[in-house]
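Peer 1: Note that the UniProt record's numbering numbers the sequence shown so that position 88 is 90, with each residue one more than the last.
Here you go, one structure.
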Amino acid sequence: ARLVVLVSGSGTNLQALLDACADPAYGATVVAVGADREGIEGLARAERAGVPTFVTRVGDFGSREEWDAALAEQVAAYEPDLVVLAGFMKLVGGAFLASFGGRTVNTHPALSPSFPGMHGPRDALEYGVKVTGCTLFVVDEGVDTGVILAQSAVPVEDADDVDALHERIKVAERTMLVETVGRMAREGFRVEGRRGILGA
Ligand code: GRF
3 ARLVVLVSGS
13 GTNLQALLDA
23 CADPAYGATV
33 VAVGADREGI
43 EGLARAERAG
53 VPTFVTRVGD
63 FGSREEWDAA
73 LAEQVAAYEP
83 DLVVLAGFMK
93 LVGGAFLASF
103 GGRTVNTHPA
113 LSPSFPGMHG
123 PRDALEYGVK
133 VTGCTLFVVD
143 EGVDTGVILA
153 QSAVPVEDAD
163 DVDALHERIK
173 VAERTMLVET
183 VGRMAREGFR
193 VEGRRGILGA
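Dropping the structure here:
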């Protein structure tokens, strides 16, 4: 399966996918990495792996809708089977979802539907939950509201601050991402109502 991965930051989830794709038995290849900003480690990771990159910045366009359509065009050029949002900090909208809805997944560092949005680990810590985790879902027009394909639980420790908790989540998150994207690539997936089901 051809993967396009979109990133906005350090790209540790991307790196886990790049490493997994090195094994032909995994069944997927990262054909391009896109970002909404320059100069991030995620792009450097792609370049080190010899993977083509592109940057589509909101500020370069007259409106959010124009950016969204331009991003969809950039992604389409690589003819992906699956688009993976891995730490991509922008919401994709109508034009993008018209092209890639149903085959775009996003990883979120909380157990959906709890703690959607930009600060999942912080919100979980502040709420005082004892268990949080990460979620892989099929992107829809909402904020972290899509059909769930996989989740992984992570304990919150009493001494945690946001960074310690997020780092612990990210360990589970890259395992969840690699395992689930691999199964989707090799076995397919389907959605039945609100249920995401892996395997043909
Ligand atoms: C991940 O936890 C992702 O879920 C969240 O931000 C983090 C990005 O990490 N949105 P990285 O860029 O993959 O290292």
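Idealized CB from N, CA, C, for every residue including glycine.
Since this is a predicted model, take the numbers as computed values, not measurements.
Do you know how far the Cα of aspartate 21 is from the Cα of alanine 51?
Peer 2: 9 Å
Peer 1: Please classify serine 114 as buried or exposed, where buried requires at least 16 other C-beta atoms within 10 Å of its C-beta.
Peer 2: buried
Peer 1: Would you say threonine 14 touches the ligand GRF, meaning its beta carbon is less than 6 Å from a heavy atom?
Peer 2: yes
Peer 1: Between the stretch 130–148 and the stretch 58–74, do at least 3 Cβ pairs fall closer than 8 Å?
Peer 2: These segments do not touch.
Peer 1: With DSSP as the reference, label proline 115 as helix, strand or coil.
Peer 2: DSSP, reduced to helix, strand and coil, places proline 115 outside both helices and strands of the structure shown, so it counts as coil.
Peer 1: May I have a chain-ordered list of the beta strand (DSSP E) segments no shorter than 3 residues that lie completely inside the stretch 19–76?
Peer 2: 31–37 and 55–57
Peer 1: Among residues of its own chain, excluding the 5 on either side of glutamate 75, which ones have a beta-carbon nearer than 6 Å to its beta-carbon?
Peer 2: Excluding sequence positions up to five before and after glutamate 75, its CB lies less than 6 Å from no other CB in the same chain.
Peer 1: Grab me the residues of alanine 24's own chain with a C-beta within less than 8 Å of its C-beta, minus the 5 sequence neighbours each way, in chain order.
Peer 2: Cβ neighbours of alanine 24 beyond the five flanking positions: none.
Peer 1: Check for me: the alpha helix (DSSP H) holding leucine 127 runs from which residue to which?
Peer 2: 122–129
Peer 1: Distance check for valine 180 and proline 54, CA to CA, integer angstroms please.
Peer 2: Proline 54 and valine 180 have their C-alpha atoms spaced approximately 20 Å apart.
Peer 1: Let me check one thing: in DSSP terms, what residues is arginine 4 bridge-paired to?
Peer 2: Thr31
Peer 1: Taking 6 Å as the limit between beta carbons, can you name the residues of its chain near serine 12, skipping five residues before and five after?
Peer 2: Glu43
Peer 1: For residue 2, I'd like the list of residues in its chain whose CB is within less than 8 Å of its CB, leaving aside the five on either flank, ordered along the chain.
Peer 2: This structure cannot speak to residue 2, because the chain is shown only from 3 to 202.
Peer 1: Can you determine whether any heavy atom of the ligand GRF sits closer than 6 Å to the C-beta of threonine 109, and answer yes or no?
Peer 2: yes
Peer 1: For the structure I just gave you, are there three or more beta carbon pairs, one from the stretch 177–196 and one from the stretch 92–111, closer than 8 Å?
Peer 2: yes
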